[in-house]
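Have a look at the structure below before the remarks.
There are 4 protein chains.
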Amino acid sequence: MTTGQTHLFIPGPTNIPEDVRQAMNVPMQDMRAPDFGDLTKPLFTGLKRVFRTETGRIFMYPSSGTGAWEAAITNTLNEGDKVLMSRFGQFSHLWVDMAERLGLDVQVFDCEWGTGVPVEKYAAALAADKAHAIKAVFATQNETATGVGSDIPGIRAALDAASHPAMLFVDGVSSIGSVDFRMDEWGVDLAVAGSQKGFMLPAGLSMLGVSLRALEVSKSSTMRRCYFDFVDMMKLNDDGYFPYTPPTQLFHGLKVSLERLETEGLSNVFARHYRLAEGVRRAIGAWDGCRLCATGPKWHSDTVSAIVVPEEIDARDVLRIGYEKYRASFGSGLSKVMGKVFRIGHLGDLNEGMCLTALAIAEMALVDAGAKIELGSGVAAAQDWYRTSSATALKVAAE
Amino acid sequence: MTTGQTHLFIPGPTNIPEDVRQAMNVPMQDMRAPDFGDLTKPLFTGLKRVFRTETGRIFMYPSSGTGAWEAAITNTLNEGDKVLMSRFGQFSHLWVDMAERLGLDVQVFDCEWGTGVPVEKYAAALAADKAHAIKAVFATQNETATGVGSDIPGIRAALDAASHPAMLFVDGVSSIGSVDFRMDEWGVDLAVAGSQKGFMLPAGLSMLGVSLRALEVSKSSTMRRCYFDFVDMMKLNDDGYFPYTPPTQLFHGLKVSLERLETEGLSNVFARHYRLAEGVRRAIGAWDGCRLCATGPKWHSDTVSAIVVPEEIDARDVLRIGYEKYRASFGSGLSKVMGKVFRIGHLGDLNEGMCLTALAIAEMALVDAGAKIELGSGVAAAQDWYRTSSATALKVAAE
Amino acid sequence: MTTGQTHLFIPGPTNIPEDVRQAMNVPMQDMRAPDFGDLTKPLFTGLKRVFRTETGRIFMYPSSGTGAWEAAITNTLNEGDKVLMSRFGQFSHLWVDMAERLGLDVQVFDCEWGTGVPVEKYAAALAADKAHAIKAVFATQNETATGVGSDIPGIRAALDAASHPAMLFVDGVSSIGSVDFRMDEWGVDLAVAGSQKGFMLPAGLSMLGVSLRALEVSKSSTMRRCYFDFVDMMKLNDDGYFPYTPPTQLFHGLKVSLERLETEGLSNVFARHYRLAEGVRRAIGAWDGCRLCATGPKWHSDTVSAIVVPEEIDARDVLRIGYEKYRASFGSGLSKVMGKVFRIGHLGDLNEGMCLTALAIAEMALVDAGAKIELGSGVAAAQDWYRTSSATALKVAAE
Amino acid sequence: MTTGQTHLFIPGPTNIPEDVRQAMNVPMQDMRAPDFGDLTKPLFTGLKRVFRTETGRIFMYPSSGTGAWEAAITNTLNEGDKVLMSRFGQFSHLWVDMAERLGLDVQVFDCEWGTGVPVEKYAAALAADKAHAIKAVFATQNETATGVGSDIPGIRAALDAASHPAMLFVDGVSSIGSVDFRMDEWGVDLAVAGSQKGFMLPAGLSMLGVSLRALEVSKSSTMRRCYFDFVDMMKLNDDGYFPYTPPTQLFHGLKVSLERLETEGLSNVFARHYRLAEGVRRAIGAWDGCRLCATGPKWHSDTVSAIVVPEEIDARDVLRIGYEKYRASFGSGLSKVMGKVFRIGHLGDLNEGMCLTALAIAEMALVDAGAKIELGSGVAAAQDWYRTSSATALKVAAE
């Protein structure tokens, strides 16, 4: 029999704050009631503030984030459309796979796992595409499998430099609400998010930000779609209704999680994610033989760290021991990096103590699995950082 | 300020039993944990028992029931395929609409709202289709908008009589788990259900039963799909995993709701739905000037009753008064029957007292809206039935 | 297996509003934390508003209401003290029993069950007590066993008329927060309440209002006490702390239930209780052979109605049938009125639909038990009242 | 705004397991229902197994543990009765204080804080008391304020050696259900427990184990009592009822916490508490300048460790910093040891990761408060122990 709390350090679903959890414990209600919009309409408005869009539109689907990926593609592109994508981890890989299966003509840049979107290559391809055959450019802002963040403003700059009209698609599932994202300022046309990451909710709700331009483009898209169709949603969303039964329970939770993000302030949320992540990175730096999968600081992700374990051990042992012996869930190494990597998710509702728990357990599991790291070494490095780093100073930097 | 409980009598989402509600109040967990299948695999097995299929396969999607409609079509049919459908209410209408938008060649039988699937017409069309151009026959087992049940075994008989190989699609969203449904025995190939009806859960999870034959057929289906693709699911479901983050919270609830259905016994569940529904129907029969939308006993639905109000009043007033003055949610009249009909949902976790609450409030709202019915008349008719009818006797009949 | 919600119509514990229920679903916390008073201090203030005392003091004990009865006596009286009490139901009886067991010299007026505090007899006894031997006068404002309300201002008038210094003790367990109570204006010295009635919480917290005078008197009380001692509480309560671990969970619920009472407004709360109660009384009036236990309108309780069943039937059958066949809990007939009476609690978080549920089920159970009442008759009487009575008009009357 | 979970490491209320928390989230119910005993009777039986009594009787009071102290005294002793007590911490002090206020003639042994019950002194006093003037001997099995465990079997041996008939009272509030306790085998007559410690529930329910002999003795006790009276309880408890409204919500939680204790097995529960506590002690041993308040291994408590901080710092700073900066609640130094001591509670639903969280945060707070300990030093010592110690081996030892 297990005792004590489960220590959840996967990069989503994340830990649910108590007030969000309370808020979801509701009886059912009529999704066609005259006042249903009192619940739902502020959610659209609140999400616009988090996505940082004033002119765009938010869609909420009863689906995982994968559904919003599909919604983005099927509503705005056509079969055979040429698109630019890059692949450097399991989630960027899966989006490529979806795009191909949905009939797009995908030009893929395969990059080293541990790096992110190759902005220069995108720039070159865009500059070369005088005919504007490329209809869209895709970017995974945060590759959850490798703990790598990418430079979205850089991609916008490349588009602008080439005066290229391609739409910009961003997978922000594990970034929006946790690290800086600015839909309007960065000219993002389709931005995908999910409930179970920075929004601190269970899975089951995806959010999609769509620019005015993409909404216009969608009118001429001929892909077959129904469940994810923008038009059905738009007909009803303005009054707060949905074309099918929405997950009301999650709406009640989202109401509170949006309030939390607003109360803390987005820039404080981002600063906190940086500060907590940095503690984890310092701990990893103190572990002999371990290193981040992200190949350099420019790729550091503030929401998840992927740790390459020493060659002589198997990361799956770390995961198994963590789970079975210490009741902790870390993220596994997916696909190419299976056995080489384990991940610590550090996003959503988190504080110093929780990060130290993750590190203390990870150290025991690493040693149990055969790593030669010193117990307490990473914890001490993180403690030192958490003790002395200033949340205020960081806040300024993060803005 | 409102006080006291909200009285929820819409045909879904239905009232959640306390133990199901408790079960969903969980912290998040790792959907890739080695023992995650301990939670999910029994759900597939339990759903097979409820769908009454031994050879078929169950899919669970993070989506509303509409998503499972789409999954059924896009995985097994091809653009241009000829299908038979019938339309006699808002939900059968929407399914037709989806089929057309997804590119099927739909032969629609439009029937009077208040009747159901025209089995004879289907039989004739099938018999005439010697070339077997018809690839699938669609039936809405329970039209939620009009409170009409249809004869699924009759459709199977028609297919068999014509020795026709068309697949049989059934929308069982508001029937499966509440009234008799037998996937294998009736030769149903694709059966759609949703979490928020007979399964007594919040919306957000759809279930799809797929026959072996349909799985075979799906291999040659070429429709573009990704989120709802069978193959991605099948690769992982056997071990209890999913291709994207599933709604774990609902799985915990489903575990308990399946236990409830098993403990009560499906035939008892069906008998209870009949008995409670019959009380509501007797009450409606006692209301001067009101009648069921269902045009005869063969169309009676045991999960929802649509009530045609006297011509001189507007059903929207009944709904509004019920909601604002008496804190009760009834189902509205959708589309064609707007203003003429209001609905009482009587499915899921329900008992006599709850039905009487619905009737007592409906009577007040009807009188407030101008109807000339006698207060207490319907309640008395239902009380008399509930007092004297035997659950045991009915159980036998229902089997 | 039971299905559907349990219909709870006992006069406490009452139905918990959803927001109160949510609020209690909390992890544990440190009751010695520096900010613990942020939670608890507003509770004392809020309770003062509900008790309508500005100068008095509130105590909260982890105990049932019985504990607060004991706290009231042991902190302010001495063994052998003469007190006036009256007995006309199980709860007034139990308070007499306690007073006697704690060593008071109790002069009891035994009154017909169905009547309340005999103000004239109290007046006479007080007038005759020139020596002021009587130290305290006890009154049960609402006798929960018989559904009888008493005239507390009348008792105050009797004390004043006799210029008698005796303290006034009031059991307000099933009245405070539901019907009019004014501690300061009525000169109440010790007022007892409990969490599980008008405060819409689980049992486990008692509240005691104590006047300045009673606090002064308590300094010379020599009864042995420790758990319920005022002094231990007072030392810590001003800073929001308690001399032993308090029931924090209930504090979180109380916070919300106080907010509810304030938002609705106490006079509206009282008007609502009157209006809902009156519907129940009209229903009872329509039931052939049944009558209220309260012998006249002056004794009517707005929080609970005790119904005397026809002589030829046993009220215990009504209760048993209601519980087993219809999943409803009514209040039983206690002690002297066992078998003759069943009770409908109508206090706390309630609305019209809930009262009609109680009445509809009671009618079925009465008929099942052999009563000759007409099904629907009481429901119709109550419906008519609920449809046509004006909450606004009543509000004025109640002030 | 705070983010992330609160880290609760006070020695009660303890962290509530998820299934216990779920179980308490219930609507209210009738405490006089015919089947109420189905809920409550197994609780008495289950508690008997935890108290390890077959012949004794369990009482459950809606009160804090302090209430059960009072119940124990007022039901079995008389004013002026001579009793032996010892004082070596805030809780043993408070029990002495209560005994004196309730009129007992208390012979108190004042001992150094950091030691426990002085068995030899008790033995001498008992041996000297040939007239058997001493009616009861009191012992605090676990002094929560100093983290000191005492030798209850030793006291029993002293009583037996002197053939002394005095009753044995044990305060097991922070020990029963967490460390070894054997009511029958050790001849304990009155054993006090509380819901918010080893039973992993909110505060609000106290449990009292009473031996047959004490029940017999209680018949001649003449102390004034009512709320805590055994007789009222016994009249109703056998059928599962209570003399006043019990805290049903906590009963539902207790049902699950008892199941947890049985499933884990009491000896495994005790072994786990030892193992987790030992890790904390090893960490403290690694902190330069800190030491346990318990003056030697024989006094070690497996449920709470009181840490004496270096003289140059104030333990209140450690507490304040822990709470404000790191969102952690440690136990404060009470009374005599205020400013010198802070405490880590390690009882109830706990695991290695949680203990390491406590230690990691304590280290940061200590350093922030000026202590010269090395960050990570205690964590490393505990990690090493947790990694390598065997739960199985310990289990045998603990039996």
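Quick note, the sequences are listed as chains A, B, C and D, same order. Numbering of the first sequence is given in the numbering used here, commencing with residue 24 and proceeding in unit increments. Numbering of the second sequence is given in the numbering used here, commencing with residue 24 and proceeding in unit increments. Numbering of the third sequence is given in the numbering used here, commencing with residue 24 and proceeding in unit increments. Numbering of the fourth sequence is given in the numbering used here, commencing with residue 24 and proceeding in unit increments. Built from N, CA and C at the ideal position, the CB exists for glycine as well.
Check	Outcome
Residues of the stretch 25 to 54 of chain B with Cβ closer than 8 Å to any Cβ of chain D, in chain order	E41, R44, Q45, A46, N48, V49, P50
Residues, ordered as in the chain, of the stretch 270 to 281 of chain C that lie near chain D by beta-carbon distance below 9 Å	P270, T271, Q272, L273
Residues of the stretch 336 to 361 of chain C with Cβ closer than 9 Å to any Cβ of chain B, in chain order	K348, Y349, R350, A351
Length of the line joining the Cα atoms of C/A148 and C/L182	10 Å
Exposure label - D/A421; buried when at least 16 CB within 10 Å	Any reading at D/A421 must be qualified, since the residue scores a pLDDT of 43, below 50, and its modelled position is unreliable; no value is offered.
Continuous beta strand (DSSP E) assignments of at least 3 residues falling wholly in the stretch 282 to 339 of chain C	327 to 331
Boundaries (first-last residue) of the beta strand (DSSP E) holding C/D207	Premise fails: C/D207 is in no beta strand (DSSP E) and is neither H nor E.
Helix, strand or coil at D/K158 according to DSSP, with G and I counted as helix	strand
Top-ranked residue by Cα proximity to B/R366, from B/D372, B/D325, B/M257, B/K348	B/D325
Contact check, C/N48 vs A/Q45, beta carbons under 7 Å	yes
Straight-line gap, D/E287 to A/M24 (C-alpha atoms, nearest Å)	6 Å
For B/L284 and A/D53, believed in contact at Cβ under 8 Å, the rounded distance	A/D53 to B/L284, Cβ: 24 Å. No contact.
Positions along the stretch 376 to 392 of chain D whose CB lies within less than 7 Å of some CB in chain A	G376, M377, L379, T380, A383, I384, E386, M387, V390, D391
C/Y409 in three-state terms, based on DSSP	helix
Whole-angstrom distance between B/D372 and B/Q219, CA atom to CA atom	11 Å
Reduced DSSP secondary structure (H/G/I, E/B, other) of A/N165	strand
Beta-carbon proximity of A/Y58 to A/V279, cut-off 7 Å	Strictly speaking, residue 58 of chain A in this sequence is Asp, with Tyr absent from that position. Not in contact: A/D58 and A/V279 (Cβ atoms no closer than 7 Å).
Segments of 4+ residues assigned as alpha helix (DSSP H) that fall wholly inside the stretch 94 to 124 of chain B	113 to 124
Buried/exposed call for B/E386, threshold 16 Cβ in 10 Å	buried
Cross-chain neighbours of A/Q113 in chain B, by beta carbon under 9 Å	Simply none; closest approach about 11 Å.
For B/Q130, the first and last residue of its enclosing beta strand (DSSP E)	128 to 133
Buried or exposed by the 16-neighbour rule on C-beta atoms within 10 Å, applied to C/F222	buried
Those runs of the beta strand (DSSP E) which lie wholly inside the stretch 206 to 263 of chain A and span at least 3 residues	213 to 217, 229 to 233
Residues that A/Q219 contacts on chain B, provided the C-beta gap is smaller than 8 Å	M51, T268
D/A388 vs D/V402 beta-carbon contact at 7 Å	no
Euclidean distance between Cα positions of C/K301 and C/Y409	Note on residue identity: the sequence assigns Glu, not Lys, to residue 301 of chain C. Straight-line Cα distance between these residues: approximately 9 Å.
Helix, strand or coil at A/A351 according to DSSP, with G and I counted as helix	strand
Enclosing alpha helix (DSSP H) for B/M361 [first to last residue]	Careful: B/M361 lies outside any alpha helix (DSSP H) and carries neither H nor E.
Residue interval of the alpha helix (DSSP H) (run including B/L31)	Where B/L31 is concerned, there is no enclosing alpha helix (DSSP H), although the beta strand (DSSP E) it sits in stretches over 30 to 32.
Validate contact between the stretch 172 to 179 of chain D and the stretch 308 to 327 of chain D using beta carbons, cut 8 Å, 3 pairs	yes
Where B/L235 falls, given that 16 or more other Cβ within 10 Å makes a residue buried	exposed
A/K363 burial status per 10 Å Cβ neighbour count (16 or more: buried)	buried
7 Å Cβ cutoff met for B/G232 and A/P85	no
Alpha carbon of A/D255 to alpha carbon of C/F74, nearest angstrom	54 Å
D/K158 classed as buried or exposed, judged by whether at least 16 other C-beta atoms fall within 10 angstroms	buried
Near-chain B residues of the stretch 396 to 411 of chain C - C-beta to any C-beta below 9 Å	E397, L398, G399, S400, G401, V402, A403, A404, A405, Q406, D407, Y409, R410
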